[in-house]
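From first to last, the protein sequence lines stand for chains A and B.
Its first residue numbered 1, the first sequence is counted upward by one per residue in my numbering.
Its first residue numbered 1, the second sequence is counted upward by one per residue in my numbering.
Beta carbons are placed, not taken as given, at the ideal position from N, Cα and C, and that holds for glycine.
Number of protein chains: 2
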Amino acid sequence: MVTAMREAESAVLEPHSASKPYHHGDLSRALIQAGRRILEAEGPAGLSLRAVAREAGVSPAAPYHHFKDKGELLDAIASEGWREMGAAIAQARATGPSASSSTLNIGVAYVCFARDNPALYRLMYKMARDKQTMEGHAKDAESGWSHVREALKEAGADVSDERELTLATIGAWCAAHGVAEMAGFKEFERLKAELGGEEAFVRAVLSHIVVFPRQTMRYPCPDEAVR
Amino acid sequence: MVTAMREAESAVLEPHSASKPYHHGDLSRALIQAGRRILEAEGPAGLSLRAVAREAGVSPAAPYHHFKDKGELLDAIASEGWREMGAAIAQARATGPSASSSTLNIGVAYVCFARDNPALYRLMYKMARDKQTMEGHAKDAESGWSHVREALKEAGADVSDERELTLATIGAWCAAHGVAEMAGFKEFERLKAELGGEEAFVRAVLSHIVVFPRQTMRYPCPDEAVR
DNA sequence: TCCCCCATCTAAGCGCTGTCAACATTCTTT
DNA sequence: AAAGAATGTTGACAGCGCTTAGATGGGGGA
């Protein structure tokens, strides 16, 4: 009664959604937050299940009542990341000065998210690639994905049908991902300085990703035997 | 001299000898090969230093006489990977049917290398990104990098100076990396089938990475305050 | 030719990890 | 109030990276 009230308060709001923890308050949420704190502070190397439990103030075995194994906790953390990245993309599209530039703005926002949350960003793709799918994450990031698609359409991308729009969307996402993973390399520091900062560098690189000769090699490709 | 030759042979093809070597012939090479074997067979999760030592038939502490720590062994494995990828790129450029298509051919070869050596490819970038540099690897991959640059120049990429060529080279590399990391997702399987196979899919995506409106947003970018 | 040095390898062990089974505690339900 | 499910703790196990101390044997100096 009294105890119940204390715990209800200490629980992180959320009135009464079906079957929530009782003892700690909301351990599963606390574990995710603890995990993100460790990820930021010490990088992925420090993100052990025991360290997360320690940070949350519980015993090493406690998390197993909320997550099947370590991977499931990491999945939950990654999911949060996908959701936040989707929001960042949505915002970039909304605040862009014009439709024709929103594609680039989205790309920059994407890379900035990765720069500001490097360990989280890497974890997101690690979990996705381990399972060879973005499903689940894709649902979380669907807003992001569809924003890219819509932005491409509005920008009048040179696509003639839905399939080409899909290919362009995939291409844009891949390009942004590539830049996000490369932008941190020291080799580019001089160039960044010359261009006036990291963000200008990212804009410049993204703007120059126009390299593959589409007109000479359409996709029902004649010489399939190159490799 | 004779002994040296025997050891050199036994290092490559182990399976014989009534008496096993007193001091392993060329352990550091054997460890790298064992590591690659494990990486292929069990993925990065199975790649423990102890497992590598086991595979090579030595005690768990033996590797420490050849590599300062586990990271140094992984670096050596990754280096081999960069070298092989550079060779694959060089070959793709050499065997391309025409100069104008060699850019795309290089991209396809890049992605195919990643597809055929997924764990190795991931390890390569993990090691590079942990150190925030491709140096060392960059030297190994320099042939690859410069091939891309030259191919872009020959293809008559729309660049007006050396800096733009550099930006285009970075962009192309980033795009290929992005596609390499994404191409394995199950979400694209239907599209792959429709396009006639994985390689056609890769060609199509690479060909459609022409998304960022370069003409409307050059790099001394006016509205820097988007993010 | 011999022998000894020292690079190479082994054995043992430390503190860490993920995971589990057994036990203890608390909340919900009846 | 008793039962039972949910939640947390303790202790243990095997495997990990890494270190130290000691054994081994091959190539260079005598």
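Across the structure, tyrosine 121 of chain B and alanine 114 of chain B are spaced so that their CA atoms are roughly 5 Å apart.
Proximity to methionine 182 of chain B across B:Glu55, B:Val202, B:Ala51 peaks at B:Val202, based on C-alpha coordinates. Following the DSSP letters along the chain, one finds histidine 177 of chain B inside the alpha helix (DSSP H) bounded by residues 162–182. Of A:Ala92, A:Gly178, A:Ser146, A:Val179, the smallest CA-CA separation from leucine 165 of chain A is found for A:Ser146. The alpha-carbon separation between glycine 46 of chain A and glycine 184 of chain A amounts to approximately 21 Å. The residue from B:Arg54, B:Ala128, B:Ala90, B:Tyr110 with its alpha-carbon nearest to that of serine 79 of chain B is B:Ala128. If the five residues before and after glutamate 198 of chain A are omitted, its C-beta is found closer than 8 Å to the C-beta atoms of Arg115, Ala183, Lys192, all from its own chain and listed in chain order. Within chain B, the residues Glu187 have their CB atoms less than 7 Å from the CB of alanine 138 of chain A, given in chain order.
Assigned with DSSP and collapsed to three states, methionine 134 of chain A falls in coil, not helix or strand. If you draw a straight line from the Cα of lysine 70 of chain B to the Cα of proline 63 of chain B, it comes to about 9 Å.
Taking 8 Å as the cut-off between beta carbons, the residues of the stretch 166–193 of chain A near chain B are Thr166, Leu167, Ala168, Ile170, Gly171, Ala172, Trp173, Cys174, Ala175, Ala176, His177, Gly178, Val179, Glu181, Met182, Gly184, Phe185, Lys186, Glu187, Phe188, Leu191, in sequence order. In terms of Cβ geometry, glycine 171 of chain B and isoleucine 209 of chain A form a close pair [threshold 8 Å]. The three-state secondary structure of serine 28 of chain B, taken from DSSP, is helix. When rounded, the separation of the alpha-carbon atoms in serine 160 of chain A and leucine 49 of chain B is 52 Å. Here DSSP, grouped into helix, strand and coil, assigns phenylalanine 201 of chain B to helix. The continuous alpha helix (DSSP H) containing aspartate 75 of chain A extends over residues 70–95. Judged by their CB atoms, alanine 175 of chain B and alanine 61 of chain A are not nearer to each other than the 8 Å cut-off. Distance from the CA of alanine 138 of chain A to the CA of glycine 57 of chain A, rounded to the nearest whole angstrom, comes to 32 Å. In this structure, B:Leu104 is the residue among B:Ala51, B:Leu104, B:Asn117 with its C-alpha nearest to the C-alpha of glutamate 150 of chain B.
Collapsing the DSSP output to three states places isoleucine 38 of chain B in a helix.
Using a Cβ distance threshold of 8 Å, threonine 133 of chain A and lysine 186 of chain B count as a contacting pair. Rounded to the nearest angstrom, the gap between the Cα atoms of glycine 107 of chain A and valine 148 of chain A is 9 Å.
In the DSSP assignment, lysine 192 of chain B falls within the unbroken alpha helix (DSSP H) covering 189–195. For the stretch 124–138 of chain B, the set of residues with a beta-carbon nearer than 8 Å to any beta-carbon of chain A comprises Tyr125, Ala128, Arg129, Gln132, Thr133, Met134, Glu135, Ala138, in chain order. In the assembly as shown, arginine 93 of chain A is a buried residue. Its beta-carbon has 16 or more other beta-carbons within 10 Å. Going by DSSP, alanine 53 of chain B is part of the alpha helix (DSSP H) stretching over 49–56. When DSSP states are grouped into helix, strand and coil, proline 63 of chain A belongs to the helix group. In this model, cysteine 112 of chain B and alanine 141 of chain B are separated by some 16 Å (Cα to Cα). In the three-state DSSP reduction, histidine 208 of chain B falls in the coil class, being neither helix nor strand. The Cβ-Cβ distance between histidine 66 of chain A and leucine 39 of chain A does not fall below 8 Å. The shortest CA-to-CA distance from alanine 200 of chain B to any of A:Phe188, A:Ser143, A:Leu167 is the one to A:Leu167.
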